[in-house]
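**Q** Before I ask anything, here is the structure I am working with.
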Amino acid sequence: MRDTRGTRQVAEDALAWVSAHRAQFALGEDALAADGQVNRSWKPLGELAQVCATVTRHTAPPDPLHACAADLMTFAWQETGRGELFMRLQRLEPFATYPLEVYAAMAAAGLRHPGYEAATAMVARTRGWQLTEQEPTRRLGVLNAEVRSGIREHDAMPKALQRTWLAGLPEPWTFEQSSGYSLTHVVFHLTDWGRAGTGNVPPDLAEYLADWLPPWLDTCLDAGMWDLGCELLAVAASLPLLPERAVLQEAWTRVAEVQHPSGAIPESGTGAHHDSGPDFLSHYHPTLMAAFAATLTTGRLDDEARAATHHRPGGQGVLG
C-alpha cells in the first residue's frame with residue numbers, strides 16, 4: 028500500500044473477490060435444520076450484510092464501491108426470502124439471538140420485516156430472554172441488534188460495556204488474540220460498525236486505545252494475523268484521533284502486500300489455496316474485514332484532507 032488511493036484499492040479488490048464468490052455465502056438447505064451449521068450458513072451471510080451496510084453508508088451511490096456493496100446486500104436479503112426466513116427461525120428457535128443479530132445487519136441498511144420485529148420484540152420482553160447468560164461482548168452485540176431493530180433503546184449498553192475486557196483498561200501486556208477480538212467488537216458495537224461516528228467511544232477507552240492499539244497492531248501484523256490486524260485497523264479508523272499517518276501507511280502496506288491478486292486476504296500466514304484460488308472459508312472473513320477497515324480508513328483520511336483544505340490560510344472557507 029501506498030496512499031489513500033491504495034487503501035481504497037484494497038477495499039475494491041476485496042469486495043470484487045467477495046462478489047465473485049457470493050454463491051458461497053448462500054444459505055443451504057440446512058439453514059432451518061435443528062442441526063444446521065450456523066457458523067457456515069447464517070454467520071457468513073450476516074457478516075457479509077454487516078460489512079456491506081457500512082460500505083454503502085460511507086460511499087456515495089455513484090461510487091462503484093457503493094454499487095458493489097449494495098448489490099451484495101440485495102443478494103443477502105434475497106437469501107433470507109426478504110426476511111421471511113427470520114420469521115420461520117423465530118418460531119423454531121424463539122430464544123436464539125443469532126437470527127436477530129443477522130437481521131439487525133440488514134435492518135441497518137433499511138431492509139426490514141415488520142412481522143419479525145414484532146414477534147422478536149414480544150420474546151425480548153420475557154425474563155427468559157433478558158436473563159440469558161452471555162459473554163459480555165456478545166451481550167453488547169445483542170443489545171446493539173435490539174437497538175437497530177427498534178426493540179430497545181440505548182440505555183442498557185453503558186452497563187453492559189462495563190463488564191467487557193476493554194472497559195477495565197487492562198494491563199497492555201495482557202493483550203492476546205482472544206482479548207483482541209473482544210476489544211474490536213466492543214468498539215464495533217459502540218460505533219454501530221462505523222455508522223454512528225467516533226463520538227460513541229467513551230473518552231477513557233479512546234485514550235487507552237490511542238496509546239496501545241498501534242503496538243498491538245504491529246504485533247499482530249508481525250505474527251501474520253491478518254484477520255485480527257484488519258479488525259484493529261477498523262478500530263483505528265473508528266477512534267476520535269487517528270493513529271499517526273506513518274503507522275497507518277506501514278500497516279496498510281503490509282496488508283496490501285499479502286492480498287492475493289484475486290483480492291482475497293488470508294486469515295493468517297499466506298492462507299490455504301486450491302487450484303481455483305484462495306480457500307473460501309479461510310479467506311472470506313479477513314477479506315470482508317479488509318474491505319470494512321479500508322472503507323472506514325479512506326473515509327477518515329478524506330475527511331481530514333477536506334478539513335485541512337478548508338482551514339488552510341488563504342484557502343477557501345467552509346462557506347466559500
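Remember, our numbering sits 27 above the position in the sequence shown when you count from 1. Even for Gly, the Cβ is constructed at its ideal location relative to N, Cα and C. These numbers come from a predicted model, not from an experiment.
Would you report the Cα separation of S176 and P288, rounded to the nearest angstrom?
**A** The straight-line gap from Cα to Cα measures roughly 38 Å.
**Q** Specify, as a first and last residue, the run of the alpha helix (DSSP H) that Q189 falls within.
**A** Element bounds for Q189: n/a, residue is neither H nor E.
**Q** For G304, which three-state DSSP category applies?
**A** G304: strand per DSSP, three-state reduction.
**Q** Does the beta-carbon of S205 have 16 or more other beta-carbons within 10 angstroms, so that it is buried, or is it exposed?
**A** By the 10 Å Cβ count, S205 comes out exposed.
**Q** Within 8 Å, do at least three Cβ pairs link the region 71-86 to the region 221-233?
**A** Yes, since at least three Cβ pairs between the region 221-233 and the region 71-86 fall closer than 8 Å, the two stretches touch.
**Q** Enumerated in chain order, which unbroken segments of the alpha helix (DSSP H) with a length of 4 residues or greater are wholly contained in the region 35-108?
**A** Here the runs fully enclosed are 69-84 and 91-106.
**Q** Under a three-way DSSP split, which group does T153 fall into?
**A** T153 falls in the coil class under three-state DSSP.
**Q** Can you list the alpha helix (DSSP H) stretches of 4 or more residues lying completely in the region 169-235, in chain order?
**A** Segments of the alpha helix (DSSP H) lying fully in the region 169-235: 184-188 and 204-217.
**Q** Is P241 closer than 8 Å to V274 when the C-beta atoms are compared?
**A** Their beta carbons are under 8 Å apart, which means V274 touches P241 by this criterion.
**Q** Using the rule of at least 16 other Cβ atoms within 10 Å of the residue's Cβ for burial, across every protein chain shown, is G168 buried or exposed?
**A** By the neighbour-count rule (16 or more Cβ atoms within 10 Å), G168 is buried.
**Q** Can you find at least 3 beta carbon pairs, one from the region 61-76 and one from the region 128-136, that sit closer than 8 Å?
**A** Verdict: yes, contact present.
**Q** Can you tell which of A278, G55 and A151 has its C-alpha closest to the C-alpha of A320?
**A** Looking at the Cα atoms, A278 is the closest of the given residues.
**Q** Tell me where the alpha helix (DSSP H) around F113 begins and ends.
**A** Segment E111 to L119, the alpha helix (DSSP H) holding F113.
**Q** At a cut of 8 Å, does the region 158-167 reach the region 91-111 through at least three beta carbon pairs?
**A** No, they do not touch.
**Q** Quick check: what's the CA-CA separation for W104 versus A233?
**A** Between W104 and A233, the C-alpha separation is close to 34 Å.
**Q** So what's H312 in DSSP terms, helix, strand or just coil?
**A** Here H312 sits in helix by DSSP.
**Q** Please report the distance separating the alpha-carbon of Y143 from that of D57.
**A** For Y143 and D57, the distance between alpha carbons rounds to 20 Å.
**Q** Report back the beta-carbon spacing between C95 and S46 to the nearest angstrom; my notes put them in contact at under 8 Å.
**A** At roughly 6 Å, the Cβ-Cβ gap stays under 8 Å, so C95 and S46 are in contact.
**Q** Going by CA-CA distance only, name the one from W200, E198 and A194 that's closest to L210.
**A** Ranking the options by Cα distance to L210, first place goes to A194.
**Q** From this set, D62, L92 and L268, which residue's C-alpha is nearest N227's C-alpha?
**A** Per the Cα distances, L268.
**Q** On a CA-only basis, which of S265, V213 and Y208 is nearest C247? Give me that one, please.
**A** Selected option, being the one with the closest Cα: Y208.
**Q** Quick check on R139: does DSSP put it in helix, strand or coil?
**A** R139: coil per DSSP, three-state reduction.
**Q** Locate the alpha helix (DSSP H) running through L259, then write down its first and last residues.
**A** First-last of the alpha helix (DSSP H) with L259: W253 to A263.
**Q** Relative to the C-alpha of T101, which residue among R49, M114 and T218 is closest?
**A** For the residues R49, M114 and T218, the minimum Cα distance to T101 belongs to R49.
**Q** Under 8 Å between the Cβ atoms of H310 and A291?
**A** Contact: yes.
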